[in-house]
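Just so we're aligned, residue 1 is where the sequence shown starts under full-length UniProt numbering, counting upward by one.
Each residue gets a CB set at the ideal place from its N, CA and C atoms; glycine is no exception.
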Amino acid sequence: MFTVGGDRVKERIYQDVKAYSPCIRLLNGTHQIGCNSKRGGNVGTVHMVESQADVDWLVQHGPHAPYIPLLKYSTFTRDVINILTRSGKVNGILLQVVNDTEPPVHMSPDQACPNVGSEMYKNDGNLSNCQRVSWNKQGSGLMFEDLDIPVVLLHNESDVEFIIDQCYNKYNKPSASGEARSYPLCAMQLKVAMDAARDSPTCIRRSAMITNLNPQHYCDPLGDFNVYSFLHLPKVKDDLKPDSVIVAAARMDAFSFFLPSMTNSPFHNVPGADSVVTGLVTLLAVAEAIGKVKHKITKSDKPIMFTFFNGESFDYIGSSRMVYEMQRKNFPSERDPYFLEHPTKGWTESKDDPHPISLEHLYAMVELSQVGLNNRTWLHSDVISARKPAVKAVVDDMIKTLKKAAALSGVEVDIAPTGQPLPPASQQTFLKEKSLPGLLLADHSSSYTNKYYNSHLDVADQLGPEGTLSPHLTHLATVVAQLLYKMSTGKEDTNITADESSVSGLLHCFLKTAQCDMFNRTLNGEQRLSTLSKLPYSLYVSVSYVGRKNPLSVLVHNLLAYFLGDHMTNVTSASDCKAMNKKGDDKQSHPYTFKWMQGAWNNKTMKQESFCVRTIANYSTARSPAFDMEEYSWSSQKYSTWTESAWAADAMQVRIFLMPSKEREIAILCGGIGFFVISTFCLFVIRRKFDTIFDSSSE
């Protein structure tokens, strides 16, 4: 009864906000960034900030500090936030977007020079730190500020209207003359309590200290898995030659200043529509197109390795780990999930084992970056590697082939300005270790066309009306597929084309809902479409756990298997297909994985055409080597050192309440103490005089 009554009192005092996205704390080898609150949350008076005048009033005249300002896009800038936080009068910040009909012209919390600490040019006085080109010109760098207060994005219209109408306007809004309102005032509590502090080595060291039977955990390294697949897996017996492997790459991750919604809100603040999804979908379409003609590509041709890197937004986690393993001649690695989950498929010390791939085996690299905001595509390459005649000759030949294919497909391509460095890209990680011919395809010649790079606004809506993007990406995928085929075989094939329906379907899956046809085709008979998210999956890499994979990584892996794998027509049931994975000593099964897939829907038979696929699609670790090396120099910037702070199950909360004046609070406290003292005194007297007051003797 007490609990029920307590809950009722709590509900009458507080109004909970359900749909929100918090900014959290991240750490690297030298410092911390992001947001944090006190354990019990930060409390402040709500104040609307719609203009510079509102900022000035709060900082110069606001008498009811600390405040929690409610900002719109026009005032959510690094300059305004710095003014507010440095004033000492702000205890948290809210950003409301649902009633803001005018999104900003640009908003990017990333740096003007993304991944500047890991760029290949940092030791070059003329090219370092984006001196030639400010790639992300609109980047504010807010993501990398240590704000140390909670900052929360609100995206439910009812919540925002309640805060504005029933909270701010009713209790807090200053008079026309600028005079502050008197108590009671409407206040909010923002709770985003992070466990980690200072930097990655500190929090990892503290987490490793076992001081009791239940040691405190403070942070986790960012990371997940890369996904890759060959058309034909090079084996030891194939005698793989140096300068022979062609890498076709794209990245899988992005970030935002805010985490995805903490509830099942329909607000799609999953960033990466142009920065990630357009390149990702295009490369998957290339894989499908190449998969249809793989019978024409023999083992004597140059192998093509399709690779999707994870964690690239945070100092190239995925690509740096792959290069690290290649340098150690440990790629593919026996520690990768595929070989741990299928031990019979691993190294048997036979000639059918996967051939180790090292940097010396790489021939060239083709990478797809942001390609969705311009019908023209620019070809970028590294100016330093091009100083070597052999590298320049290969790059020139790649450009010639690509331009020829583009002319036939109606794709506008151009070469990026001469002397310009390579934009931030996974290629840079490889180029730091080897002069490698390569092209980066992007929708910008210099500064990004994408004005919302790594922002919660880089969503599907900015790519234009649904259906207008698919033709462009399809034509671009066709061009890249023809380029890869020519690089591998030395022959041209203008009949290779990408499938627009697949491109359209993949865009729908990655940008609108994961409960879609293309993802459904790759599920096995035991899985159901309803098990997938109704919303698109987050592109945030998140943290690295043993045995855990991001849903997005799993789905990309399934799609690669679907597009590039061999259909086993002699295996007709899911059980038989699964049983093939238990074999490890025959040429048909070693070292492949067998997956039962539901396949596409057949309108004639009114069912899905299920099949067993034999695939060499695999995962590789996308976890920074820094966390697996002894005595690593955390300030060296050789490898990514990003970690995410841990937090408790009850660490996130946003709620509204009425706050009385300090005098009233003191009066209530004193009254309560007085009532307690008087009650105690009365109880004492009653106990002393009990026999007299309640005399039970009879007359």
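Query                                                                                                                   : Result
Expected contact under 8 Å - CB spacing of residue 708 and Ser544 to nearest Å                                          : This structure leaves residue 708 out entirely; the chain is present only between 1 and 699.
Nearest residue (CA-CA) to Leu147, options Val192, Ala112, Gly139 and Arg181                                            : Val192
DSSP three-state assignment for His268, whether helix, strand or coil                                                   : Note that His268 scores 49 on pLDDT, short of 50, meaning its location in the model is unreliable and no value can be drawn from it.
Host alpha helix (DSSP H) of Gly291 (start-end)                                                                         : Thr278 to Gly291
Residue interval of the beta strand (DSSP E) (run including Leu484)                                                     : Not the beta strand (DSSP E): Leu484 falls in the alpha helix (DSSP H), residues Ser470 to Thr489.
Buried/exposed call for Leu231, threshold 16 Cβ in 10 Å                                                                 : buried
Ala249, buried or exposed, once every other Cβ within 10 Å from all chains shown has been counted against 16            : buried
Under 7 Å between C-beta atoms of Lys534 and Gln515                                                                     : yes
Exposed unless 16 or more other CB atoms sit within 10 angstroms - verdict on Cys682                                    : exposed
Cα-Cα separation between Asp499 and Ser244, rounded to whole angstroms                                                  : 28 Å
Environment of Asp208 [buried if 16+ CB atoms lie within 10 Å]                                                          : In the sequence on display, residue 208 carries Ala and not Asp. By the 10 Å Cβ count, Ala208 comes out exposed.
Nearest-angstrom Cα separation, counted from Lys432 out to Asn123                                                       : 11 Å
Residue ranges of each beta strand (DSSP E) within the stretch 401–437, 3 or longer                                     : 412–415
Reduced DSSP category for Ser672 - H, G, I as helix; E, B as strand; rest coil                                          : Correcting the residue identity first, residue 672 is Gly in this sequence and not Ser. Helix.
Three-way DSSP call (helix, strand, coil) for Trp642 in this model                                                      : coil
Closer than 6 Å: Ala514 CB and nearest the ligand ZN heavy atom                                                         : You won't find the ligand ZN in this model; it holds no ligand whatsoever.
Opposing strand residues paired with Trp596 [DSSP bridges]                                                              : Cys612
Inter-residue Cα distance where the pair is Leu507 and Phe657                                                           : 43 Å
Spatially closest choice to Tyr592 from Ala600, Asn581 and Trp601, by CA coordinates                                    : Asn581
Inter-residue Cα distance where the pair is Tyr281 and Ala393                                                           : The sequence given here places Val at residue 281; Tyr does not occur at that position. Using only the alpha carbons, I get a separation of about 29 Å.
Residue(s) in a DSSP beta bridge with Glu367                                                                            : Ala249 and Leu440
Residue from Tyr632, Leu436 and Gly41 whose Cα sits closest to the Cα of Lys388                                         : Leu436
Ranges of the beta strand (DSSP E) found wholly within the stretch 502–534, counting only runs of at least 3            : none
Three-state secondary structure (DSSP) of Trp378                                                                        : strand
Buried or exposed (CB count within 10 angstroms, at least 16 for buried), Cys35                                         : buried
As assigned by DSSP and simplified to three states, the class of Ser200                                                 : helix
Between the CA atoms of Gln370 and Lys451 - distance to the nearest angstrom                                            : 12 Å
Span separating the alpha-carbon of Arg687 from that of Thr680                                                          : 11 Å
Candidates Asp566, Thr202 and Lys137: closest to Cys113 by CA position                                                  : Lys137
Cβ-Cβ distance between Met107 and Leu440 below 7 Å                                                                      : no
Distance between His31 and Ala289 (C-alpha atoms, nearest Å)                                                            : 45 Å
Neighbourhood of Cys509 by C-beta distance below 7 Å, restricted to the same chain and skipping five residues each side : Cys516, Met518 and Phe519
Straight-line gap, Pro660 to Tyr183 (C-alpha atoms, nearest Å)                                                          : 6 Å
Cutoff 6 Å; reference Asn115; Cβ partners in own chain excluding five residues on either side                           : Asp315 and Pro424
Between the CA atoms of Gly505 and Ile163 - distance to the nearest angstrom                                            : 39 Å
Leu559 beta carbon less than 7 Å from that of Thr522                                                                    : yes
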